[in-house]
Structure formats: C-alpha cells, structure tokens
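K.L.:
The following block contains the structure, expressed as structure tokens.
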Amino acid sequence: MTIELWMLTAAAALQFTLLLTHGTHIFLTAGMMWGIGRRDNNRDISDLGRRIERTIINTMEGLVIFVPLVLVVQLAGVSSPLTQLAAQAYIALRVAFALLYIFNVPYVRTATWLAGQACLAALAYAIVTSSLL
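Under the working numbering, the residue at position 84 of the sequence shown is numbered 129, and the numbers go up by one with no gaps.
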C-alpha cells in the first residue's frame with residue numbers, strides 16, 4: 046500500500062478517534078441515557094463539547110477534499126515524493142489542528158489549518174502537472 050493510502054487510513058482513524066472522544070465527552074457530561082436517547086431535550090453542551098463537535102465537522106470538510114485527491118493520485122499512478130510528503134504533512138497537521146482546536150489555542154491553530162490547505166494544494170498541483178507531461 047502506498048504512503049498516500051496509508052495517510053488516507055490515518056485520516057479515517059483520526060475521524061474515528063474524534064467521534065469516540067465526542068461520544069465519551071457526552072457520556073461523561075450528559076449521561077449515558079441522554080447520549081443513547083433521542084436527544085429531544087437539548088442539553089447545554091460545554092465549550093469543550095462544542096469545540097470537539099466543530100473539530101469533527103472541520104475534519105469532515107477537509108476529508109471531502111483530501112480523499113478524492115489521494116484517490117486521483119492513486120488511480121492516475123502519479124505518486125511522487127511531493128504527493129507522499131504532502132499527504133504525510135496533511136495528516137500530521139490535521140492531528141495538530143484537532144488538538145489545538147479542542148484545547149482552544151487560537152492563532153497557531155489557524156496557521157496549522159492554513160499549512161494543511163497548502164498540502165491539499167500541493168496534491169492538486171502534483172496531479173495537474175503530471176497530467177501535463
């Protein structure tokens with residue numbers, strides 16, 4: 046399996062970990078019965094809980110771009126040191142971003158997010174330039 050596909054697997058593991066973190070937080074703060082129930086009564090969720098939710102949403106939004114780029118790299122057979130490094134850096138930055146977001150570290154979090162977007166741009170650049178050759 047290529048490095049890019051390993052990073053795709055790591056992205057899925059990150060999302061799964063975030064979902065487990067959120068579920069655990071709900072269980073500990075709102076109780077199991079509310080967590081497994083219909084949630085018709087809206088309970089106040091802590092700032093931490095809301096940050097975990099936003100991290101999950103932001104990660105899903107990133108995956109919508111990362112997944113197709115990695116799949117195109119694979120299907121087109123254009124894996125290169127650039128695509129490998131971009132995929133690895135993207136995952137490392139997403140893990141850092143998740144932690145920074147959950148623990149409410151502003152400015153560095155934004156810089157980390159921007160660096161992750163640059164990794165996505167690098168993947169797209171590699172795809173486009175390889176098709177021009």
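Backbone N, C-alpha and C fix where the C-beta goes; we use that ideal spot for every residue, glycine too.
Since the model is a prediction, treat every value here as computed from it, not as a measurement.
Does the Cβ-Cβ distance between I48 and Q119 come in under 8 Å?
P.N.:
no
K.L.:
May I ask you to verify whether the stretch 143-152 touches the stretch 95-103, counting CB pairs closer than 8 Å and requiring at least 3?
P.N.:
yes
K.L.:
Straight-line CA distance for Q162 to S91?
P.N.:
29 Å
K.L.:
Buried or exposed for Y152, going by 16 or more other Cβ atoms inside 10 Å?
P.N.:
The residue is exposed, with fewer than 16 neighbouring Cβ atoms inside 10 Å.
K.L.:
Would you kindly work out how many angstroms separate the C-alpha atoms of S125 and A171, rounded to a whole number?
P.N.:
Near 8 Å, if we compare the C-alpha coordinates of A171 and S125.
K.L.:
Of all the options I81, T74, L138, which has the alpha carbon lying nearest to the alpha carbon of A56?
P.N.:
L138
K.L.:
Should L114 go down as buried or exposed, given a rule of 16 or more other Cβ atoms within 10 Å for buried?
P.N.:
Burial check for L114: the Cβ neighbour count within 10 Å reaches 16 or more, so the residue is buried.
K.L.:
In chain order, what are the residue ranges of uninterrupted alpha helix (DSSP H) at least 4 long that sit wholly in the stretch 75-121?
P.N.:
77-81, 92-121
K.L.:
Using C-beta distances below 8 Å, list every residue in its chain close to A169, excluding the 5 sequence neighbours before and after it, in chain order.
P.N.:
L114
K.L.:
Enumerate in chain order the residues of its own chain whose CB-to-CB distance from F142 is below 7 Å, with the five nearest sequence positions on each side excluded.
P.N.:
If we look at F142 and ignore the five residues flanking it on each side, its Cβ neighbours are R154, T157, W158, G161.
K.L.:
CB-CB under 7 Å to A134, same chain, minus the five flanking residues each way: which ones, in chain order?
P.N.:
C164
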